[in-house]
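For reference, the structure is listed below as structure tokens.
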């Protein structure tokens, strides 16, 4: 069975993402917040009214805050 070049490149390479601001390896689906100064998992945005990052942990509470 011969592999075509496109199929040979489909193999997953375990590359780690590195955050140069935090000097740490970033988890999957995380981004660095320049306002808070650390990496946040499933980062949505930094909210100035609550002075925190809206992310995976507090997205539900942020939406309830907006509705209220």
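Numbering (the UniProt record's numbering), first residue to last: 1 to 68.
Every residue, glycine too, gets a C-beta built ideally from N, C-alpha and C.
This one's a predicted model, so the numbers in the text were calculated from it and none came from an experiment.
Subject >> residue 59, buried or exposed, once every other Cβ within 10 Å from all chains shown has been counted against 16 >> reply: Using a 10 angstroms sphere on the CB of residue 59, the tally of other CB atoms stays under 16, which defines it as exposed.
Original post:
Nearest-angstrom Cα distance between residue 62 and residue 36?
Top reply: Residue 62 and residue 36 have their C-alpha atoms roughly 17 Å apart.
**OP:** Below 8 Å CB to CB, which residues in the same chain sit around residue 31 once its five sequence neighbours on both sides are set aside?
**Re:** Excluding positions up to five away in sequence, the list reads 39, 40, 43.
Original post:
Which residues does DSSP pair with residue 30 in a beta bridge?
Top reply: Paired residue(s): 41.
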